[in-house]
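Protein chains in written order, with this note's numbering: chain A, 1 to 311; chain B, 1001 to 1509.
Glycine is no exception: its CB is placed at the ideal position from the N, C-alpha and C atoms.
(1) Closest Cβ-Cβ distance between residue 1483 of chain B and chain A: below 8 Å?
(2) Suppose the cutoff is 6 Å on Cβ atoms and the five residues either side in sequence are ignored; what does the same chain contact list for residue 1254 of chain B look like?
(3) Can you pull the chain A residues whose beta carbon is under 8 Å from the beta carbon of residue 1359 of chain B, in chain order?
(4) Would you kindly check if the distance between the Cβ of residue 181 of chain A and the Cβ of residue 166 of chain A is under 8 Å?
(5) Taking CB distances under 8 Å as the criterion, tell me whether residue 190 of chain A reaches chain B.
(6) Cβ atoms of residue 107 of chain A and residue 84 of chain A: under 8 Å apart, would you say?
(7) Given a cut-off of 8 Å on the beta-carbon distance, is the pair residue 1290 of chain B and residue 1272 of chain B in contact?
(8) Looking only at its own chain, which residues have a Cβ that is under 8 Å from the Cβ of residue 1287 of chain B, when we skip the five neighbours before and after it?
(9) What are the residues in the region 1322–1347 of chain B lying within 7 Å of chain A by C-beta distance?
(10) Taking 6 Å as the limit between beta carbons, can you name the residues of its chain near residue 1085 of chain B, skipping five residues before and five after?
(11) Quick check on residue 1513 of chain B - is its C-beta less than 8 Å from some C-beta in chain A?
(12) With 16 as the cutoff for other CB atoms within 10 Å, does residue 53 of chain A come out buried or exposed?
(13) Would residue 141 of chain A pass as a contact of residue 65 of chain A if the rule is Cβ separation under 8 Å?
(14) Could you check where the alpha helix (DSSP H) with residue 1380 of chain B kicks off and where it finishes?
(15) For the pair the region 1088–1106 of chain B and the region 1034–1049 of chain B, tell me if three or more CB-CB distances fall below 8 Å.
(16) Rounding to the nearest angstrom, what Cα-Cα distance links residue 264 of chain A and residue 256 of chain A in this structure?
(17) From the DSSP output, read off the bridge partner residues of residue 1164 of chain B.
(18) As an exercise, report each continuous alpha helix (DSSP H) stretch of at least 4 residues that is fully enclosed by the region 244–293 of chain A, in chain order.
(19) Are the CB atoms of residue 1165 of chain B and residue 1173 of chain B nearer to each other than 8 Å?
(20) Using only the alpha-carbon positions, how far apart do residue 1224 of chain B and residue 1243 of chain B sit?
(21) Could you tell me which of A/223, A/91, A/111 sits nearest to residue 1457 of chain B, measuring between CA atoms?
(22) Specify, as a first and last residue, the run of the beta strand (DSSP E) that residue 1346 of chain B falls within.
(23) Verify the CB distance criterion: does residue 139 of chain A have a CB-CB separation below 8 Å to chain B?
(24) Name the chain B residues whose beta carbon is nearer than 7 Å to that of residue 260 of chain A?
(25) Listed from N- to C-terminal order along the chain, which residues in the region 1143–1171 of chain B have their beta-carbon within a distance smaller than 8 Å of any beta-carbon of chain A?
(26) Between residue 1120 of chain B and residue 51 of chain A, what straight-line distance do the alpha-carbon atoms span, to the nearest angstrom?
(27) Excluding the five sequence neighbours on either side, which residues of its own chain have a C-beta within less than 6 Å of the C-beta of residue 149 of chain A, listed in chain order?
(28) Run down chain A in chain order and give the residues with a C-beta less than 7 Å from the C-beta of residue 1438 of chain B.
(29) Verify whether the separation of the beta carbon atoms of residue 1336 of chain B and residue 1194 of chain B is less than 8 Å.
(30) Can a CB atom of chain E be found closer than 8 Å to the CB of residue 110 of chain A?
(31) Quick check on this structure: which residue in A/206, A/156, A/73, A/171 has the alpha carbon closest to the alpha carbon of residue 185 of chain A?
(32) Answer with yes or no whether the minimum CB distance from residue 1217 of chain B to chain A is below 8 Å.
(33) Apart from the five residues on each side of it in sequence, which residues of its chain come closer than 6 Å, Cβ to Cβ, to residue 1435 of chain B?
(34) Taking beta-carbon pairs under 7 Å, can you tell me which members of the region 162–190 of chain A lie near chain B?
(35) Taking 8 Å as the CB-CB limit, is residue 1061 of chain B close to chain A?
(36) Measure the CB-CB distance between residue 1125 of chain B and residue 1083 of chain B and report whether it falls below 8 Å.
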């Protein structure tokens, strides 16, 4: 009885697998439309964004220069904001509260004004001195931030080029390598578009996160390409499916771990919150770009090569 | 259970043990009782008796000290009267007896629980990055600047600090000053003020700050450096201070020559016609009338004065004290060769530090717990899942071990780096696990070889992506790149091979 049931299950599993394989064989090229549409919308959105803002992202004060003061006291943010608004340049006031009790822990004031002015204005309002007991201060001068941003951007670019070179060196065939690089690029680009769409500001931490994404996103692509190109024991679909099983386990594990960590640190560290948010967006897009974009291009390539060999 | 481990697993175990020793020391530092001396005021009684920074105070007057509270409790109320008392401080290696009527001039802190050094952004402190205004510095100039600044900060009484040179991709040099713990007042002024001190009569310079013109500056001696009683003025108080300096022979001669040419003041015949004007960075600080008796005389003793104001008596006294201290420091160390600009200044409150580390630890452990659930749900094998988690965990310990060994400062970017190491580590272990269960017609060894082909590929792409960051942005994000490269290299060389062997054993069973 038991055994029979199991084999039944196995059969239905196999049947389902065959259905999926048939579907995929028929429509895998069409599937490319999904990432293509998202990529196109991202391009259009980024174009409009650039037209409106004259830049590819909103930068925060760690990249434009300015002051950020965190006061570890309970302060009415709205009142503070209206007081400061005509005294400090491009001001944002944020509140940090405890994750569970929702109680306010501190207030963050960010402005492009310099450290001295900001501190003076705040002390006037608060009527007490800001010391290192009750506050933290971060100031970046515009002289540093300009060069800083350019260099970080250059580092990201260089990292991408190096990564691309290594991919070419590993696989030494043009189309599959290009598919990996394309998948990595679309990951980063779509993440940036959504990042902007959500109104987030780029910081040095954000740039770190994009660098992490370069390393993270190609892992699964390398796994896929390796299994598909360097092994011959199974059918193409089986090789893809085995990579899919391993790869999604990898990405989903990472995603769940990062989401958990994000929930815990979100009330505490702006730096880690930004890194984790970018990674969550990026890894989600990575699922799409590895298992649709990269798979479809690779399958197309292998099938063409096979049919050419037969002919 | 038969304990026959392969050499790869042995290497992992040995390195793990060494890392734990590196992190916690032998015997472990968290077992150490007492308080750590973080600074001793130079020339104080405690200093003369041999108490030094870095020593650990185990007991005071034979009362055991477990932590900061004990130390405070014992010293509290001891020096209420002006009576001279005898206190016995026992450190790890010596016993120090002090006969004093005031509390020892030292600062102490809780002994840290590990040898890991955390960055200022995690435990609090201040960091300033400085460059010359409108000038590209050469490596000699920046070294010069660093020497003067170190000297200045030391003269000011700050010892627990790091001053070093950093450069960026464009070849610009910066000076980076890092001070752990509480942020000193006037930090901005101390490191970025050019501090050009000039004493002029009319527009002729008599002397400037620095050792060329000034032989010595009186400090801490009430007979030649004093602060007067605060005086009430409109809207607050003003406090005068004055201290003596000794001019070098050259400067004294110059003083004589210049005063020689002056006339007697017509309205105030006790003094000369022009005063001695003191300028700090081209701003007039004070004007001193020169008594006529000094005319043309080679005098080396000069009194410098100034004042501090404040809303209350206490405030004006404190400003005067701080002003005097600053002026003394600048007169001793002289001016910086060029104008400076602070390009980055972070002062992080040490209050939140401990809490912050705790949150990061909780986040890390919870995330690892989630990974455990996912892995167990997917593979349903307790041994393999456990091996995976333990391997990832050991990777973190090895990174911390190496960081402690080379005194690497673990800052927030480094923590982010550890995160990516654990993330990619788990990913690669999943690859190993899956490869072990696939292609069963191949030998286990061949299957592992296949896994490593994928892992090495992923490894190299990650490393090359991190390399540019080692230099970009004046190295402020170097921690991230360094920890990541260190971690994934450890992974590929040590933990991954060991994990593969563990999987082989588990699969064979």
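Straight from the coordinates:
(1) Not an interface residue.
(2) Excluding sequence neighbours, residue 1254 of chain B sits near 1206.
(3) Those within 8 Å of residue 1359 of chain B in chain A are 264, 265, 268, 269.
(4) No. Outside cutoff.
(5) Not an interface residue.
(6) Contact flag unset, no.
(7) Less than 8 Å divides the Cβ of residue 1290 of chain B from the Cβ of residue 1272 of chain B.
(8) Answer for residue 1287 of chain B: 1275, 1276, 1277, 1278, listed in chain order.
(9) Those would be 1341, 1342, 1343, 1344, 1345, 1346, 1347, in chain order.
(10) Answer for residue 1085 of chain B: no residue qualifies.
(11) With chain B represented from 1001 up to 1509, any question about residue 1513 of chain B goes unanswered, as that position is not in the structure.
(12) So residue 53 of chain A ends up on the exposed side.
(13) Contact flag set, yes.
(14) Per DSSP, residue 1380 of chain B belongs to no alpha helix (DSSP H) and is neither H nor E.
(15) Three or more Cβ pairs closer than 8 Å define a contact, and the region 1088–1106 of chain B meets that threshold against the region 1034–1049 of chain B.
(16) Cα to Cα, the separation comes out at about 13 Å.
(17) Beta-bridge pairing by DSSP links residue 1164 of chain B to B/1176.
(18) Qualifying alpha helix (DSSP H) stretches, in chain order: 270–288.
(19) Pairing residue 1165 of chain B with residue 1173 of chain B gives a Cβ-Cβ distance under 8 Å.
(20) If you take the alpha carbons of residue 1224 of chain B and residue 1243 of chain B, they lie about 6 Å apart.
(21) Restricting attention to A/223, A/91, A/111, the CA atom closest to the CA of residue 1457 of chain B is found in A/223.
(22) It spans 1340–1348 - the beta strand (DSSP E) in which residue 1346 of chain B sits, taken as one unbroken run.
(23) At least one C-beta of chain B is nearer than 8 Å to the C-beta of residue 139 of chain A.
(24) Simply 1366, 1367, 1370.
(25) Taking 8 Å as the upper bound on Cβ-Cβ separation, chain A lies near residues 1168, 1169, 1170 of the region 1143–1171 of chain B.
(26) Cα atoms of residue 1120 of chain B and residue 51 of chain A: separation of roughly 40 Å, rounded to the nearest angstrom.
(27) Counting only Cβ-Cβ distances below 6 Å, and skipping sequence neighbours, we find 63.
(28) Near residue 1438 of chain B (Cβ distances below 7 Å), the residues of chain A are 242.
(29) When the beta-carbon positions are compared, residue 1336 of chain B and residue 1194 of chain B come within less than 8 Å of each other.
(30) Within the model displayed, chain E is absent; protein chains A and B are what it includes.
(31) Checking every option, the nearest Cα to that of residue 185 of chain A belongs to A/156.
(32) Chain A contact via Cβ: absent.
(33) Counting only Cβ-Cβ distances below 6 Å, and skipping sequence neighbours, we find 1447, 1450, 1451.
(34) Correct list: 162, 163, 166, 167, 170.
(35) No, its Cβ sits nowhere closer than 8 Å to a Cβ of chain A.
(36) Not in contact: residue 1125 of chain B and residue 1083 of chain B (Cβ atoms no closer than 8 Å).
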